[in-house]
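Have a look at the structure below before the remarks.
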Amino acid sequence: MKSILFDVLHNVTLLMAGFYLLGKLSPLPITRESPRMTRVYYGLALSVISLLLMQMTIEAAPGVMVDLRHIPVIVAAYFGGAIPTTIVTIAIIIYRFSLGTNLAAFTAFGFIVAVALGTSLIVREMPPYAKRTFTLVTIYATALHALVLWIVLPKQILLLEVMSVVVPASFVSSWLALLIIRDIRLTKQSLRMLHQKAQLDFLTGLNNSRAFNEYFTDVKQRLILNKQSVVLLTIDIDHFKHVNDTYGHESGDEVLRQFASRLRDGVAESGYLSRNGGEEFSVLFEGIPLTEVLPLAEQLRERIATSPFRLATTDLSLTASFGIAAYDETTYQIELLLPDADAALYQAKQQGRNQVVLFSPNAESAVSFQE
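Residue numbers (the numbering used here): 1098 to 1468.
Next up, the structure:
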């Protein structure tokens, strides 16, 4: 009995370590909607775990060796869908028949296929993260395991002795595997949601300055391999302090929300829109030429200037100033894109506000001096 317990513990340890490493394949939970190659890697990794489990057999009775190869199949069918399930199932079948073709091999073939198909059907019909679902899957797989033993072990006394070991080990191992993987996946989803919330401005729902900085860093890294146009549009609401002083901060917050909504509608999916603080906003365009951004900026300016902001007590007309810098048309170093766009925005303010100004290297010294 002591030897059996050690064998079971070794198998469980391998499963837990393997599933932990599987979690490193993707920062997001692997699902049926994951990229195809991610699901292929998932299936290959589960195949390795299954083949290792076939080597780490459990001696359930003298001369009778069993293993837990079916658990990675359950995991693949439960979480990954058809691609990883097919890969791990085929890997197990090929390896098993390479050892010989007999009743045990064909029975194992039917067992693995039944586990894969049955688990897929159960998960399709029931909520995947519910405990009753993976409990039902575990009972189903354990019952199939017992049926295989009944087929290949005809001696009644030996059969009962083996089942007394294999059935509890199969049930507990499968249930623990599904429970742990579920918890890892839910933790990933929670962390992803927290990360997304940390990237959003609480008032407007736009990306915040932290998200902008991270995105801009990614853009600069992509330029190393793929040089393309990058245009930055910085925006500032004109005389916004007057809004807060005259109508109160709640009205000011409402103006910011409506302003963000107009920017979102105007930019759509063409640029990366963020609120960088206060009444300052920015839009980063990647792979879009300056000749397309300039008319878009003018449309945004006009949309803001011609449509009053609706507050609780009044309709308020406001304008905004825009500064634009483009790599590598006005700015030859990507690191200078933000200060150049800010310089153009400052120039728009100095020239009377409510206008779009494109950064000019020739005006840089004058703008800097005025600051």
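No residue lacks a Cβ here, since even glycine has one placed at the ideal position from N, Cα and C. Fair warning: this is a prediction, and the values are worked out from it, not measured in the lab.
Here Q1448 is exposed. Its C-beta has fewer than 16 other C-beta atoms within 10 Å. By the Cβ test, the stretch 1430-1437 is not in contact with the stretch 1345-1362, since fewer than three Cβ pairs between them sit closer than 8 Å.
Under the 10 Å beta carbon count, F1299 is surrounded by fewer than 16 other beta carbons and is classified as exposed.
DSSP places M1151 inside the alpha helix (DSSP H), whose first and last residues are 1133-1152. Rounded to the nearest whole angstrom, the C-alpha separation of S1358 and T1301 is 8 Å. Cβ atoms of I1421 and V1390 come within 8 Å of each other, at about 7 Å. Per the C-alpha coordinates, the member of H1167, F1203, I1127, T1416 positioned closest to I1180 is I1127. Following the DSSP letters along the chain, one finds G1363 in no beta strand (DSSP E) but inside the alpha helix (DSSP H) bounded by residues 1346-1364. For Y1237, the secondary structure class from DSSP, reduced to helix, strand or coil, is helix. Bounds of any beta strand (DSSP E) do not take in I1180; it lies within the alpha helix (DSSP H) bounded by 1179-1195. Within the model, the alpha-carbon separation for A1445 versus N1459 is close to 15 Å. In this structure, the straight-line span from the alpha carbon of I1191 to that of A1142 is close to 16 Å.
Distance between R1229 and A1409, taken at the CA atoms: about 51 Å.
A Cβ-Cβ distance of about 28 Å is found for the pair S1418 and D1315, leaving them out of contact under the 8 Å criterion. Under the 8 Å Cβ criterion, the stretch 1165-1177 counts as touching the stretch 1207-1224, having at least three qualifying pairs.
Within a 10 Å sphere around the beta-carbon of F1231 sit 16 or more other beta-carbons, which makes this residue buried. Here V1172 is near I1278, since their CB atoms are less than 8 Å apart. The alpha carbon of S1144 has as its nearest neighbour, out of Y1344, V1137, A1188, the alpha carbon of A1188.
DSSP places T1284 within a helical segment (H, G or I) once states are collapsed to three.
Around the beta carbon of N1304, 16 or more other beta carbons sit within 10 angstroms, so the residue counts as buried. Counted as a single uninterrupted DSSP element, the stretch harbouring G1420 is not any alpha helix (DSSP H) but the beta strand (DSSP E) occupying residues 1417-1424. Contact between T1198 and I1248 does not hold, since their C-beta atoms are separated by about 16 Å, which reaches or exceeds 8 Å. In this structure, Q1296 lies away from G1384, with their beta-carbon atoms at least 8 Å apart.
Residue pairing of M1162 in beta bridges, as defined by DSSP: E1156. For Y1312, the uninterrupted alpha helix (DSSP H) run begins and ends at 1306-1322, by DSSP. The shortest CA-to-CA distance from A1227 to any of W1272, M1260, S1261 is the one to W1272. Comparing alpha-carbon positions, the option among L1330, T1403, T1183 lying closest to Y1443 turns out to be L1330. I1127 carries a coil assignment under DSSP once its states are collapsed to helix, strand and coil. If you draw a straight line from the Cα of F1337 to the Cα of E1366, it is about 27 Å long. With 16 or more neighbouring CB atoms inside 10 Å of its own CB, F1356 falls in the buried class.
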